[in-house]
Amino acid sequence: EFVELKAPSPFSLPLMVERLREKLSTEKLADRLQRMIRDAQGVADA
454 EFVELKAPSP FSLPLMVERL REKLSTEKLA DRLQRMIRDA QGVADA
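The sequence shown lines up with residues 454 to 499 when you count with the working numbering.
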């Protein structure tokens, strides 16, 4: 069941921070994708 909130809940903070961080990033999209691929490969190798 979904409940519509008038304000963000405390549980939404990590999602909101991530979204804001991506909007404010000076990192180019290609650089961000390369970093994400490296991070994913590092997790797969671990």
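Glycine residues also receive a C-beta, built at the ideal position from the N, C-alpha and C atoms.
Q: Would you identify the three-state DSSP class for Glu-475, choosing helix, strand or coil?
A: Helix, per DSSP.
Q. In whole angstroms, what separates the C-alpha of Lys-476 from that of Glu-454?
A. Rounded to whole angstroms, Lys-476 to Glu-454 spans 30 Å at the Cα level.
Q. How far does the alpha helix (DSSP H) with Ala-460 in it reach, from first residue to last?
A. Run containing Ala-460: none; DSSP gives neither H nor E here.
Q. What whole-angstrom Cβ distance do Pro-463 and Met-469 have, given they're in contact under 8 Å?
A. Between Pro-463 and Met-469 a beta carbon distance of about 10 Å is seen, past the 8 Å cut, so the two are scored as non-contacting.
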